[in-house]
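A.B. asks:
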Amino acid sequence: MKEPTKQSIKETNQNFSIVGLYVDRECDTHLRKNVEPGHYFFNEWCELKGEKVSLKEIRKPEESFFASNISIQAIVGKNGSGKSSILELMYRMINNFTFHLVKKQKRRAAEVIYHIEGLYADLYFVKGNTLGTLICRGEFIGFSFGDYKISFGSKKSEFSDFIFYENIKNEELIEIGKMFFYSIVTNYSLQSFIDFDYKTERSIRFQSNEKSGIDSSAIWINSLFHKNDGYLTPLVLNPYRYNGTIDLRKEYQLTNSRLSSILIESKKNKREFIEGYQLHSIDYTYEPLIILSKFNYGKNKNINLEDLIYKFLNLDKRSFTSIILREYGLRSKPSEIEPHIVSHIYLVYKTLSIASKYPSFSNFDRFDNVSKFEDVANEDDERDLIALVKEIKKHKSHITLKIRQTLKYLEWSHQNLQTPPHLNFDFSYDEYVESLALKKPLKGLDDITEHLPPPFFSFNIKLEKTKREDNKPNVPILFQRMSSGERQFIYTMSTFVYHIKNILSIQQSNRVRYRSINLILDEVELCFHPEYQRLFIDNLIRTIQRLKLNTHCSFNIIIATHSPFVLSDIPMCNILHLKNGILQSKEQFKNPFGANINDILYQSFFLENGFIGEYARKKILKVIGQLNKPLQSIIDEKENIKETISFVGEPLIQKQLQSLYNEKFNEQDEKDIVIEELRKEIELLQKGK
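Take the sequence shown: its letter number 291 is residue 291 in UniProt numbering, and every next letter is one higher.
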């Protein structure tokens, strides 16, 4: 095999762009939907010479047009034009590529990756001066980066110069990570990524390198929402969906938790995550009812906190609870401080909950009922409960994060029994982390998140302005009181920044370290006021620069949008226009960069019927039709027609309609009547001289 040159490896940390997609005629129509076979280019960095895609010597726009190491493209078109279908083809390709990369890797906490049948497409990307291609031809997967060419799955004679791999070794995987890229996708549309929509797609899995057949229960997209493999799989979809559904309460909690870590880390490094604001404080409040609700069913229905605590403090030494707590190294009889007792209760709940919910703990799924906490264990139960806790303690993923946070809290509380009482109930983050008396300062988002208080403490984030021009007191602002548009932008950016920071934090030589990031924002304008849409790209670039993210990695950003305000910040050469699944020639469009919003609306979103609402358009057309009929047939509609004309807000249209009305009913415009009366008065005055 030809190894990639040192220069090509070095260039993978420089200018990066997704340049195009090729859809083959053999691609299953269930996968490509209305997207027609052919080449789709996101910018003008490459060109098609015959059937071959090659790099252009001169690229437009120049690589630093937006900012150093940032490239931005857009996909536009009406609903149903194929925007999301193009992006989903990309996700499927990365999914199938990932399947072969990780099928022999240890991904203890991760979801199963499935191979999607019937996918025939190519994905082109550029790093530095090197063209990379991901090739999908059914079960054949090829990857090339300059002279580096490898393949997986099955062999094809047309790709005989590709070195075939049965399994990929970790050393080779690390090299591929340098050449490939990591994709972070956000799509907050409630109609997107519904798992039932993908149920008809044939998904297969392999066992011992042998195809084991189609798994009718498999839905491939469900595997791409969680990052449980140390950012090995180069794609994550956001927000998390369970069976196609977004749990808004969980998403709110997760995003606020991520935001807390980001704001803490930003303040520590003296950087602004939210422009013009910095973290003032995070205040925690003891909320035991969060835990009580977990036990409030079955034989414990309507139990109150006092009764639950009493039960826990008086359990048999052979109970599920006692065995679990002993295996965590805790006394079954905690101190009498209520939050300490509740933390023990939470550990038991979370342990049994993990056993019942997550595929990676399916060996313990018989512990599927939290109400079993008071049951007396037999020998088999005890053996399996001990094994379960040991497995959880080894498991360093989001699944067990809350358990690790609770154990750190308990370690702190046991060491600080003389702590002022308020620190057990209400405290700030600064007070909490100071009381932990850490031997080493916290480094990175993961480390900060690990040392946040456990989930039975609710919290409020308070921000303060970094500068005030009005000389008013700098009163802290509760995050939840910011506008929905502000919060949506912050949530979107916190999702990106959280994953990017975690990816950049990977320093070990034996792990994959992606340094090219592909951000995909599908229907980005959801929840954004037009002014926020207008500012979005500028704010996005400034956030990346302010946090110095583009000094450590390169960004390609793809925006699928309906917003002319977003599109007016992107030059024509970086826009892919779609209509009914067909690529539209750029020659027919005016460059939208800095152009009039109405012009962009008309040409880029194919508004053949103009810019007004359809109901208003039909009402106006009805008036025009009525005014073209014989007078006697519309005489009874005269007042209704007049009223409709008076409602029209566009002056030119209203004037033309008023002229037609006056002509039909032989009436003068009110302005003309006034002018005529004034003219007569002037004539009378002149005669009186």
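Using N, Cα and C, we set each Cβ at its ideal position, and we do this for glycine too.
Given the structure is predicted, the values throughout are model-derived calculations rather than measurements.
Under three-state DSSP, which class holds His115?
C.D. replies: DSSP places His115 in strand when its eight states are reduced to three.
A.B. asks: Using the beta-carbon count (16 or more within 10 Å), is residue 691 buried or exposed?
C.D. replies: Not covered by the structure: residue 691. The range shown for the chain is 1 to 689.
A.B. asks: Using beta-carbon positions only, say whether Ile323 and Ala377 come within less than 7 Å of one another.
C.D. replies: Yes; because the gap between Cβ atoms is below 7 Å, this pair is in contact.
A.B. asks: Compute the distance between the beta-carbons of Thr133 and Asp122, then report whether it is under 7 Å.
C.D. replies: Yes. Within cutoff.
A.B. asks: Would you list the one or two residues that DSSP bridges to Glu47?
C.D. replies: Answer is Ser54.
A.B. asks: Quick check on the burial criterion: 16 or more other C-beta atoms within 10 angstroms. Buried or exposed for Pro441?
C.D. replies: Burial call: exposed.
A.B. asks: Could you check which residue in Phe320, Leu652 and Ser261 has the C-alpha nearest to that of His451?
C.D. replies: Closest by alpha carbon: Ser261.
A.B. asks: Hey, could you find the ends of the beta strand (DSSP E) Leu519 is sitting in?
C.D. replies: Ser516 to Asp522 is the extent of the beta strand (DSSP E) around Leu519.
A.B. asks: Comparing alpha-carbon positions, which option in Ser85, Asn15 and His30 lies nearest Tyr40?
C.D. replies: Of Ser85, Asn15 and His30, the residue nearest in Cα terms is Ser85.
A.B. asks: Relative to the alpha-carbon of Glu158, which residue among Asn167, Phe140, Glu166 and Glu172 has its alpha-carbon at the smallest distance?
C.D. replies: The candidate whose alpha carbon is nearest that of Glu158 is Phe140.
A.B. asks: Does DSSP put Gly142 in a helix, a strand or coil?
C.D. replies: Strand.
A.B. asks: Spatial neighbours of Gln207 within its chain, please: CB distance less than 7 Å, with the 5 preceding and 5 following residues excluded, ordered by chain position.
C.D. replies: With a pLDDT of only 48 at Gln207, under the threshold of 50, the placement of this residue in the model should not be trusted; the figure read from the coordinates follows. Excluding sequence neighbours, Gln207 sits near nothing in its chain.
A.B. asks: Would DSSP call Val35 helix, strand or coil?
C.D. replies: In the structure shown, Val35 sits in coil (DSSP, three-state: anything other than H, G, I, E or B).
A.B. asks: Does the beta-carbon distance from Ser266 to Lys462 come in below 7 Å?
C.D. replies: Taking 7 Å as the Cβ cut-off, Ser266 and Lys462 do not qualify as a contacting pair.
A.B. asks: May I ask which residues mark the beginning and end of the alpha helix (DSSP H) holding His529?
C.D. replies: Taken as a continuous stretch (DSSP letters only), His529 belongs to no alpha helix (DSSP H), as it is neither H nor E.
A.B. asks: Which value, in whole angstroms, describes the spacing of the CA atoms of Leu190 and Asn238?
C.D. replies: Looking at the two C-alpha atoms, the distance is approximately 12 Å.
A.B. asks: Find the nearest neighbour of Asn460 within the set Asp426, Asn369, Asp368 and Ser483, judged by alpha-carbon distance.
C.D. replies: The candidate whose alpha carbon is nearest that of Asn460 is Asp426.
A.B. asks: Apart from the five residues just before and just after Leu352, which ones in its own chain have a Cβ nearer than 6 Å to its Cβ?
C.D. replies: The answer, listed in chain order, is Phe367 and Val370.
A.B. asks: Assuming the contact rule is C-beta atoms closer than 8 Å, Arg32 and Leu87 should be a hit. Round their C-beta distance to whole Å, please.
C.D. replies: Wrong, their Cβ atoms sit about 12 Å apart, outside the cutoff.
A.B. asks: In angstroms with no decimal places, state the Cα-to-Cα distance between Pro61 and Pro571.
C.D. replies: About 8 Å.
A.B. asks: Which ranges would you report for the alpha helix (DSSP H) in the stretch 349-431 if only whole runs of at least 4 residues count?
C.D. replies: DSSP runs (the alpha helix (DSSP H)) wholly in the stretch 349-431: 379-394 and 401-415.
A.B. asks: Hey, does His340 have any beta-carbon neighbour from chain B nearer than 7 Å?
C.D. replies: In summary, chain B is missing from the structure at hand, where a single protein chain is found.
A.B. asks: My assumption, with CB atoms under 8 Å, is that Ser343 sits in contact with Leu436. Please give the rounded CB distance.
C.D. replies: Contact flag wrong, Cβ pair sits at about 15 Å.
A.B. asks: Quick one: give me the first and last residue of the alpha helix (DSSP H) that Glu450 is part of.
C.D. replies: Run containing Glu450: Gly444 to Glu450, per the alpha helix (DSSP H) assignment.
A.B. asks: Can you tell me whether Ile537 is helix, strand or coil according to DSSP?
C.D. replies: In this structure, Ile537 counts as helix in the three-state DSSP scheme.
A.B. asks: Ends of the beta strand (DSSP E) at Arg326?
C.D. replies: Looking at the DSSP string, Arg326 is not in any beta strand (DSSP E); the run it does join, the alpha helix (DSSP H), is Phe320 to Glu327.
A.B. asks: From the DSSP output, in three-state form, read off Ala121 for me.
C.D. replies: In the structure shown, Ala121 sits in a strand (DSSP, three-state: E or B).
A.B. asks: Our contact map puts Glu327 next to Val389 with C-beta atoms below 8 Å; I'd like the distance itself, whole angstroms only.
C.D. replies: Indeed, because the Cβ distance is near 4 Å, the residues count as touching under 8 Å.
A.B. asks: Looking only at its chain, what residues have a beta carbon closer than 7 Å to the beta carbon of Glu47, apart from the 5 residues adjacent to it on each side?
C.D. replies: Only Ser54 and Lys56 meet the Cβ criterion.
A.B. asks: Going by DSSP, what residues sit across from Arg137 in a beta bridge?
C.D. replies: Answer is Tyr120 and Phe140, bridged to Arg137.
A.B. asks: By alpha-carbon positions, which one of His395, Phe225, Gln73 and Gly276 ends up nearest to Glu251?
C.D. replies: Nearest of His395, Phe225, Gln73 and Gly276 to Glu251, Cα basis: Phe225.
A.B. asks: Can you list the beta strand (DSSP E) stretches of 3 or more residues lying completely in the stretch 206-290, in chain order?
C.D. replies: The stretch 206-290 contains these whole beta strand (DSSP E) runs: 210-214, 235-238 and 277-286.
A.B. asks: Using CA atoms only, rank isn't needed, just tell me which of Gly118, Gly138 and Met179 is closest to Asn129.
C.D. replies: Out of Gly118, Gly138 and Met179, Met179 has the C-alpha closest to the C-alpha of Asn129.
A.B. asks: For Tyr22, which residues does DSSP report across the bridge?
C.D. replies: Per DSSP, His39 and Asp122.
A.B. asks: Since Glu464 and Asn474 are thought to touch, with beta carbons under 8 Å apart, how far apart are those beta carbons, to the nearest angstrom?
C.D. replies: Correct: roughly 5 Å between the Cβ atoms.
A.B. asks: Cutting at 7 Å between CB atoms, please list the residues of its own chain near Gly38, excluding the five before and the five after it.
C.D. replies: Only Val23 and Leu583 meet the Cβ criterion.
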